[in-house]
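Colleague: Under full-length UniProt numbering, the residue at position 26 of the sequence shown is numbered 26, and the numbers go up by one with no gaps. Sending over a structure as structure tokens; questions will come in a sec.
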Amino acid sequence: MQRVGSAIGIAVIGSVLFGSLTITGPDTVGSGFLHGAAMAMAVSAAFSVVALTLVFALPKKVQSGH
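Structure follows, in structure tokens:
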């Protein structure tokens, strides 16, 4: 399950990176990738905050159904 989550996370971050590229010509490649990387990093940080919140919000032990 961890592999599936990793693959989905990489796909989402890659989609954000390449979806937010704003390259209009050869002279804007650097700034376009800088903007795309900043957006991807922001999404990655948001996912990290959500995961950290879930770590503390979810119950520590699973109760058995007996």
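Cβ atoms here follow ideal geometry from the backbone N, Cα and C, with glycine treated the same way. This structure is a prediction, so every number in the text was calculated from the model and none was measured.
Note down, in chain order, each residue of its chain lying with its Cβ closer than 7 Å to the Cβ of I23, except the 5 sequence neighbours on either side.
Modeller: The residue labelled residue 23 in the question sits at position 23 within the sequence shown. The residues are V29 and G32.
Colleague: For M39, which three-state DSSP category applies?
Modeller: Residue numbering aside, residue 39 sits at position 39 when the sequence shown is read from its first letter. M39: helix per DSSP, three-state reduction.
Colleague: Would you please state the rounded distance, in angstroms, between the beta carbons of L17 and A40? I believe it to be under 8 Å.
Modeller: By 1-based counting over the sequence shown, the position of residue 17 is 17. By 1-based counting over the sequence shown, the position of residue 40 is 40. In this structure L17 touches A40 by the C-beta definition: roughly 4 Å separates them, less than 8 Å.
Colleague: Please report the straight-line C-alpha distance between residue 134 and D27, rounded to a whole angstrom.
Modeller: The structure shown has nothing for residue 134, since the chain only spans 1 to 66.
Colleague: Would you kindly report the start and end of the unbroken alpha helix (DSSP H) that includes S6?
Modeller: Mapped onto the sequence shown, residue 6 falls at position 6. S6 -> alpha helix (DSSP H) spans Q2 to G19.
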